[in-house]
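**Student:** Counted the way numbering that gives the first Met the number 0 counts, the sequence shown spans residues 0 to 73. Below: one structure in structure tokens.
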Amino acid sequence: MSQEQQAHPKTNTRYIPIPKWGDHHEWPSIGGLRHLVFFKETNGFATAFKKVGRLILVDENEFFACIERKNRAA
């Protein structure tokens, strides 16, 4: 495996723009998701959001992994 492949492993994740989140999931609401983005540095969700210019994308797999990590810690 090349060093580039190790640095960027292939994942089967979907990157969803925040306004389109409701097309794929009922929870959280768009407002709730924006709240998580605003406080991402203190709530443990920083790794779930990717910024491309002004667009914020949700890494779907990482978002749910963050939830699982928070549930295990509780």
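Glycine included, each C-beta is placed from N, C-alpha and C at the ideal position.
1) Please give the ranges of any beta strand (DSSP E) in the stretch 15–46, keeping only runs that are unbroken, at least 3 residues long and fully inside the region.
2) When you compare each of ALA64, THR46 and THR41 to LEU56 by their alpha carbons, which one comes out closest?
3) For the 8 Å Cβ check, are there 3 or more pairs between the stretch 7–27 and the stretch 66–73?
4) Would you kindly report the start and end of the unbroken alpha helix (DSSP H) that includes ASN60?
5) For ILE15, which residues of its own chain have a beta-carbon under 7 Å away from its beta-carbon, when the five flanking residues on both sides are left out?
6) When burial is assigned at 16 or more other CB atoms within 10 Å of the CB, is LEU54 buried or exposed?
7) Quick one: using the 10 Å Cβ neighbour count with 16 as the cut-off for buried, is PHE37 buried or exposed?
**Tutor:** Once the coordinates are examined:
1) List check, beta strand (DSSP E) in window: nothing returned.
2) Measuring from the Cα of LEU56, the nearest candidate turns out to be THR46.
3) Inter-segment contact for the stretch 7–27 and the stretch 66–73 is absent: fewer than three beta-carbon pairs are separated by less than 8 Å.
4) 59–72 is the extent of the alpha helix (DSSP H) around ASN60.
5) Taken in chain order, the residues that qualify are HIS23, LEU56, VAL57 and GLU59.
6) Label assigned to LEU54: exposed.
7) PHE37 should be labelled exposed.
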